[in-house]
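Asker:
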Amino acid sequence: MVGVRIGQVNLGRGKLATDELLSEIRERGLDVVLIQEPFVTGSGTFASLGRFPLRFITGISPSEKPAAALLVVNPSLGATLITQFSGTHLVEIRCGDKSLYLGSTYIQFSDGTDIHDERLESVIRDLGGADWLIGGDFNARSNLWNDTHTDGRGEKVEDMIMSEENEIEKKKSKRFNVRKADWNVQRLAEKLFDGRSTWLEKDLHSRADYLTGALHEACKKSMPIIKPREVGAPSWFTETLDAQRRIVKRIRRKISKSRALGCEERTAALEEIYRRERNKYTTKRRKEQTRTWRKFTTEEGNEKPWGSAYRWCKEGADTDPRGVLATHSKGGGKSTMGLTDTLDLLLQTVTPPDSIEGETENHKRIREESGVDFGESEEREWGDESESNHLEEFSLEDVRKAIWRMGRDKAPGEDGKTARILRVAHPVIAEIVTALFNECWRKARFPSGWKKAVVVPLLKNCDKDKSDPKSYRPISLLPVLSKALEYLICLRLREEIGPSMSDNQYGFRQNRRDFRKNIIFTGDNGIKCNIDQESKPIDIFNLFLNDEVLNLIVTETNRQAKRYKRQWIDTDSLEIKKFLSMVGYPKISDYWSQQTFYINSYVPKIMARNRFQSLLRFFHISNNDYNPGNRLGKIQPLVDLLNNSFKQSKVPAENVVIDETLVPFRGRIVFRQYIPNKAARYGIKLYKLCDNIGYTYNLSVYSGKDTNRSNSNISCAGKVVLSLMENYLNEGRTLIVDNFYTGLHIAHILLDNNTHIVGTLRKNVKFCPKDVLNAKLRVGEIKGKENEKGVVVSIWKDKRDVRFLSTRHGIEMLNTGKKNRKGEEIKKPEAVIFYNKNKQGIDISDQMASYYTPLRKTIRWYHKLAFHLLLGTAVVNSLILYKEVSGKNIQISEFIQNISQELSQLSDISTPSSQTKKHYLVEGSEVNNGNRKKRRRCGKCYINLSKVFGREEAQKKCKQVYTYCSTCEDKPYLMKEWTESRSEKYVLGVFLDISGAFDNAWWPAILHQMKRLGATRRLCELTRNYLGGRYTSITVLAGRSEIRLSKGCPQGSQFGPELWNNLMDSLLSLDESEGELSIGYADDALLMIAGQTRAEVILRAEEKLKRAGAWAGGMKLSFSSAKTKVMCLKRKLVPPYTVRMDGKRLVEVTEMDYLGVTLDDRLSFRNHVKRVAGKEALMFQRIRWIVASTWGLSGRRTRRLYLGVFVRRMVYGAAVWG
């Protein structure tokens, strides 16, 4: 075969020889190399120092060490692994219409040659008259390869040696290199608009073809075709190394000649020189490699951390062992031979045809209702009055969003055009494309030229059998204009049937993202201190005014007083309590109250006036000697103690808020703040972390501008956020802030720590899209953008512009439940509604603390701040805890009165009575004749049902439960939530595997489900036309196979996942009794069944599987009983236990991988952590290889890679197992 340069080498499993091979390939221009004893990595891939287009081919599992292999260097050559001859690593090399079978083999000297010779003879016999070439190291001697004599092994090999030359014709790539484009937009406009009249006269399909052709012609004239990558010299290979290598090779040739002449002395001298020069070369090579590597990591790594350095950390420098197509087994011991035969079988397997054989009456009915013919039908307008709400056409902005949301350089379809091309051409083609898309929507037609897909078969896993065509996943590459139109159709489909779909489907659903983006709240929350409904207000307040705080006040007050007053009588904690009770009088009028506690004649009995004034004068909470230069030294010890008590008493729920509050103070102090929109305007600013009911978890005092510029890449507001949220990150919480704290950088940091952020934005905020922040909108309009990390920046026009940022919401508009003066529903963005609902926490805290403030005029700022914290914030927190545990709705004035009474040791004021009651559920003790707990009607359900259906129907429909409220007189029975009231002993999980799910989706069933969910006739007809007349093909150089589709959802399309979700929805919506739950993620389904006994849970599981099997039969799908697994998720069923599906026993497991997470029957996830840790150890080592003290990535870049590569993969699914 003329034009193919083939080399052969035994590398001896050496790293040095492997490095040399790359240089030899470049010098000799080799296309294919037959290798014996290659040097491979631990993962079984070829070890190379550069990211070259090398295809390393072996016939064994990647986990094994191959004895021989082939290295395909020329990307223009098609390579197919002949699996039935994999022992010799035989590969078909194809280019044009010519084929050459190449083989590489290695026979160890200790092995006999008979078995290997018989195998080689069998291979040659099966190849027939095809061209073949086998190169190998047989450890044999023969005159044919210039040996001095021929031994027995060599004689057997000689008969099998033959070679012929054939001509190879190379095929060019069709993909355009947009980065080197020289666009002539005017020429493109002329091409499109000169034929505008002719274009308008064409039908829909001709217009689409015309537009595609015009783009193609513009691309041909404006940009080059992407050339295949070629193997060049390694970056470390310098001219000095090249000269030294030539010296070594020249001496080696002299040694060979000297040996042939029999000059032993000369040979020995040359060998000594050779060793010396070779060592020099090796030393220089290693130094050059080290220098080049350090330069690469320092320069390119710091400049583009998400470029080559990121890819190297993530994937290493190994070639991909999955990039070679293998011949497939036909069954009966036969296999395909050659590329064309393999492509035909692969395409027929991954795109099975539809058949009417064995269809039931139900199948025939569904097929007839959906339209048997999925081809083209008469074009007509589909608008009518019944669908007037769905006639809205696509706008220019809709089309622009559809184009811009696609990856710029995603793999193109057969047309070779990417989304980057559409972006550049958008100013010219925007109106034409929009008009074409709207015509498709009006006529419910999809252009036939956009239905042709190119399938790329990807091996599902490296361990999969390459000879099995079912081991490949067909990814469809579609024309870029087709994907843009599909996205717009998907939006209409979601709008029409989205609300009717099951909430248990998590795959391909908007705002229901996977583990990498969907942050789920996993943290603990609620009251954690030792209090209950019998606790008094003083018991809860003592959580904060504890012994530690009292001892601090007593010690420092005594210390401060002795400095100025010699005859000072030490105070104690009891006196401090009395002192605080007097400071904390709620209102001035209380001093003249007629109640015994407030009467003036009684106040002197608590404390003498002079003593009170002395304590107030010397009140102190820190040692001045230990805080020189610390602005907050006089208050910080108290802040730290209170923060610790706040955190230990209660843990926040999912949503928290950060904002500032102002403690009034007009004295002279360097960090006094002026905030005009606050009531006091002048004062000391506090940053507080609260929840939506006003409980404060953490706070800090602003002490002026931070002069420490370390970590200056984070703003002051960002530092406040990270400081207050330090103990609450990585638990899936959502932080709500105002525009002072919101920014893109802090949003990325919080996302890296598994935390959402929602907040308003300033107009001049940095790094956010200015076209969004400065957009001019009409009232009610909204505009937004989302970056690759899921941060959405939006602007919404209300009475004024509202700019906000959210990592949790999109730009969806929701009804607020209110109407304007015209009677129209008021809609607001989901993020705005969420913000308004949860931002009120700090305002509530400040409002409650301000009602009866203990603050009095003073020049000692720390006095004012201490009293605000002790008798303001701490009291409010105590009140919130008291209300939660007791259920009593008590006013803050009564609460303060009760605390003051207890602190002052008074006892004549009774505890405020409760105004409302809280229910406490307990299990009933009554049993029936069968010794089982007696169930009664749920009181709350009965009341609600009676209002709708009447008493008689309510008695029938009402839930029977065995729990009741212990505080109610008539003890009405109430329900618990399903997850809390699950009293069954066992829970089984059945992990269903749908055979060839996407490839076997039945088109009539898809349309039937769309109608059931409420899709309009137009959308159903457009979907029918979209599916009909589709073709798919596989092309590998000269090899091509094409087939017309009759079922299946195209994987890789925009519309395919939406169609599958519609089909899957009917499974998730099956009738479920109590103790059953169905969850879906794309084509993965999980059935959970609870039961009290072993027999009950197995019986219920089999009944559930029967219903699921009936669903699959109706959809012309099937479950794989061999791949469907059963696991006991609660308690343990003593094995063996049998769960059957369609008469076949399912596999019981105690551990399995599900959606990338290793589950076990104890849900401990220890094995998952071990597996991930072992898997990512090499990646962590790669990160270490690019960092050093004097070279490599900077600390900031290293941290970004560490968080973006290592941590991201380590914590995948942490919302479940963390």
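Counting from 1 along the sequence shown, just add 4 to a position and that's the residue number in the numbering used here. Here a beta-carbon is modelled for each residue, glycine too, at the ideal position from N, C-alpha and C. On a predicted model such as this, the values are computed, not experimentally measured, just so you know.
#1: Check for me: the alpha helix (DSSP H) holding His867 runs from which residue to which?
#2: Quick one: Cα of Ser1198 to Cα of Asn758, how far?
#3: Would a C-beta distance cut-off of 8 Å place Ser798 and Gly784 closer than the cut-off?
#4: Does the Cβ of Val76 have 16 or more other Cβ atoms within 10 Å, making it buried, or fewer, making it exposed?
#5: Is the CB-CB distance between Ser882 and Ile544 below 8 Å?
#6: Just curious, the beta strand (DSSP E) that Ala1089 is in, first and last residue?
#7: Identify every residue that forms a DSSP beta bridge with Pro641.
#8: State yes or no: is the C-beta of Val667 within less than 8 Å of the C-beta of His872?
#9: Please report how far the alpha carbon of Gln1096 lies from the alpha carbon of Val1153, in whole angstroms.
#10: Expressed to the nearest angstrom, what Euclidean distance is found between the alpha-carbon atoms of Val724 and Arg1200?
#11: Do you know how far the Cα of Lys689 is from the Cα of Tyr706?
#12: Going by alpha carbons, who is nearest to Ile662 out of Lys261, Arg315, Ile251, Tyr701?
#13: Output the distance between the C-alpha atoms of Ile753 and Glu792, rounded to the nearest integer angstrom.
#14: Measuring CB atoms only, is the region 999 to 1018 touching the region 1115 to 1124, in the sense that at least three cross pairs come out at less than 8 Å?
#15: The beta strand (DSSP E) spanning Ile39 covers which residue range?
#16: Take Ala212 and list the residues in its own chain whose beta-carbon comes closer than 7 Å to its own, dropping the five residues that flank it on each side.
#17: The beta strand (DSSP E) that contains Glu1155, what's its start and end?
#18: Let me check understanding here. Comparing Cα to Cα, which of Ile436, Leu463, Phe43 lies closest to Ile479?
#19: Give the straight-line distance between the Cα atoms of Glu281 and Arg270, rounded to the nearest whole angstrom.
#20: Measuring alpha carbon to alpha carbon, tell me which of Leu1103, Met1068, Leu274, Gly1079 ends up nearest Ala1086.
#21: Can you tell me which of Ser1057, Leu1103, Glu365, Met1145 puts its alpha carbon nearest to the alpha carbon of Tyr491?
#22: Nearest-angstrom Cα distance between Asp518 and Lys532?
#23: Quick check on DSSP: helix, strand or coil for Pro833?
#24: Quick one: residues in its chain with C-beta nearer than 7 Å to the C-beta of Ser917, no 5 flanking neighbours on either side, listed in chain order?
#25: Please determine, among Ile1102, Asp644, Asp802, Leu781, the residue with the shortest C-alpha to C-alpha distance to Glu988.
#26: Where DSSP assigns a beta bridge to Val3, which residues make up the other side?
#27: Within 10 angstroms of its Cβ, does Ile830 collect 16 or more other Cβ (buried), or is it exposed?
#28: From the DSSP output, in three-state form, read off Gly708 for me.
#29: Below 8 Å on the Cβ atoms is my contact criterion, and I expect Val994 with Thr1128 to pass it. Report the Cβ-Cβ distance as a whole number of Å.
#30: Can you tell me which of Ala448, Asp756, Thr22, Tyr678 puts its alpha carbon nearest to the alpha carbon of Arg4?
#31: Could you check the C-alpha separation between Asp1088 and Arg449 for me, to the nearest Å?
#32: With distances taken from CA atoms, which of Ala1218, Thr1202, Met1214, Arg1048 is nearest Tyr314?
#33: Since Ala423 is in the alpha helix (DSSP H), which residue starts that stretch and which ends it?
#34: Report all residues from its chain with a CB closer than 7 Å to the CB of Glu973; omit the five preceding and five following residues, and keep chain order.
#35: My guess is that Asp358 and Ser1050 are in contact by the Cβ rule of under 8 Å, so how many angstroms apart are they, rounded?
#36: Using only alpha-carbon positions, find the residue among Leu1109, Glu888, Ala1192, Glu906 that is nearest to Asp653.
Answerer: According to the structure shown:
#1: For this step, residue 867 is matched to residue 863 along the sequence shown. Where His867 is concerned, the enclosing alpha helix (DSSP H) stretches over 865 to 872.
#2: In the sequence shown, counting from the first residue as 1, residue 1198 sits at position 1194. In the sequence shown, counting from the first residue as 1, residue 758 sits at position 754. Taking the straight line from one Cα to the other gives about 25 Å.
#3: Taking the sequence shown and counting its residues from 1, the one referred to as residue 798 is at position 794. Taking the sequence shown and counting its residues from 1, the one referred to as residue 784 is at position 780. Result no, Cβ atoms of Ser798 and Gly784 do not sit closer than 8 Å.
#4: Indexing the sequence shown from 1 puts residue 76 at position 72. So Val76 ends up on the buried side.
#5: As a first step, residue 882 must be located in the sequence shown, where it is residue number 878. As a first step, residue 544 must be located in the sequence shown, where it is residue number 540. Closer than 8 Å, so yes.
#6: Taking the first residue of the sequence shown as 1, we reach residue 1089 at position 1085. 1088 to 1095 is the span of the beta strand (DSSP E), which, as asked, contains Ala1089.
#7: The sequence position of residue 641 within the sequence shown is 637, counting from 1. According to DSSP, Pro641 bridges with nothing at all.
#8: The count along the sequence shown starts at 1 and reaches residue 667 at position 663. The count along the sequence shown starts at 1 and reaches residue 872 at position 868. Yes; because the gap between Cβ atoms is below 8 Å, this pair is in contact.
#9: Against the sequence shown, residue 1096 aligns to sequence position 1092. Against the sequence shown, residue 1153 aligns to sequence position 1149. If I take the Cα positions, the gap works out to 21 Å.
#10: Locating residue 724 in the sequence shown gives position 720, where the first residue counts as 1. Locating residue 1200 in the sequence shown gives position 1196, where the first residue counts as 1. Computed Cα separation, rounded: 20 Å.
#11: Locating residue 706 in the sequence shown gives position 702, where the first residue counts as 1. Locating residue 689 in the sequence shown gives position 685, where the first residue counts as 1. Near 6 Å, if we compare the C-alpha coordinates of Lys689 and Tyr706.
#12: Within the sequence shown, residue 662 is the residue found at index 658, counting from 1. Measuring from the Cα of Ile662, the nearest candidate turns out to be Tyr701.
#13: The count along the sequence shown starts at 1 and reaches residue 753 at position 749. The count along the sequence shown starts at 1 and reaches residue 792 at position 788. So the two alpha carbons sit approximately 14 Å from each other.
#14: yes
#15: If you number the sequence shown from 1, residue 39 lands on position 35. Where Ile39 is concerned, the enclosing beta strand (DSSP E) stretches over 36 to 40.
#16: Translated into the one-based positions of the sequence shown, residue 212 becomes position 208. Excluding positions up to five away in sequence, the list reads Leu440, Pro451, Gly453, Trp454.
#17: The count along the sequence shown starts at 1 and reaches residue 1155 at position 1151. 1155 to 1158 is the extent of the beta strand (DSSP E) around Glu1155.
#18: Within the sequence shown, residue 479 is the residue found at index 475, counting from 1. Of the candidates Ile436, Leu463, Phe43, the one whose C-alpha sits nearest the C-alpha of Ile479 is Leu463.
#19: Position 277 of the sequence shown, counted from the start, is the residue given in the question as residue 281. Position 266 of the sequence shown, counted from the start, is the residue given in the question as residue 270. The straight-line gap from Cα to Cα measures roughly 16 Å.
#20: Numbered from its first residue, the sequence shown carries residue 1086 at position 1082. Checked all of Leu1103, Met1068, Leu274, Gly1079; the closest Cα to Ala1086 is Met1068.
#21: Locating residue 491 in the sequence shown gives position 487, where the first residue counts as 1. Ranking Ser1057, Leu1103, Glu365, Met1145 by Cα distance to Tyr491 puts Ser1057 first.
#22: On the sequence shown, position 514 is the one that residue 518 refers to. On the sequence shown, position 528 is the one that residue 532 refers to. Residue placement at Asp518 cannot be trusted, given a pLDDT of 40 that sits under 50; what the coordinates show is reported in the next sentence. Near 32 Å, if we compare the C-alpha coordinates of Lys532 and Asp518.
#23: Looking up residue 833 in the sequence shown gives position 829. Three-state result, Pro833: strand.
#24: Position 913 of the sequence shown, counted from the start, is the residue given in the question as residue 917. Below a pLDDT of 50, predicted positions are generally treated as unreliable, and Ser917, at 37, falls in that range; no measurement from the model is reported.
#25: Residue 988 sits at position 984 when you count from the first residue of the sequence shown. Closest option to Glu988, Cα to Cα, is Ile1102.
#26: Here the chain has residues from 5 to 1222 only, and residue 3 is not among them.
#27: Here residue 830 corresponds to residue number 826 of the sequence shown, with the count starting at 1. Flag for Ile830 reads exposed.
#28: The residue given as residue 708 occupies position 704 in the sequence shown. For Gly708, the three-state secondary structure derived from DSSP is coil.
#29: Translated into the one-based positions of the sequence shown, residue 994 becomes position 990. Translated into the one-based positions of the sequence shown, residue 1128 becomes position 1124. Confirmed, Cβ separation roughly 7 Å.
#30: Since the first and last residues shown for the chain are 5 and 1222, residue 4 lies out of range.
#31: In the sequence shown, the residue the question calls residue 1088 occupies position 1084. In the sequence shown, the residue the question calls residue 449 occupies position 445. Rounded to whole angstroms, Asp1088 to Arg449 spans 32 Å at the Cα level.
#32: Reading the sequence shown from its first residue, position 310 is the one you call residue 314. Nearest option by C-alpha distance: Thr1202.
#33: Here residue 423 is taken as the residue at index 419 of the sequence shown, counted from 1. Element bounds for Ala423: 423 to 447.
#34: For this step, residue 973 is matched to residue 969 along the sequence shown. Caution is warranted here: a pLDDT of 42 is assigned to Glu973, below 50, making its placement in the model unreliable, and no coordinate value can be reported.
#35: Looking up residue 358 in the sequence shown gives position 354. Looking up residue 1050 in the sequence shown gives position 1046. With 8 Å as the limit, Asp358 and Ser1050 qualify as a contact, their Cβ atoms being about 4 Å apart.
#36: Here residue 653 corresponds to residue number 649 of the sequence shown, with the count starting at 1. The identity of residue 653 in the sequence shown is Ser, whereas the question assumes Asp. Cα-wise, what sits closest to Ser653 is Glu888.
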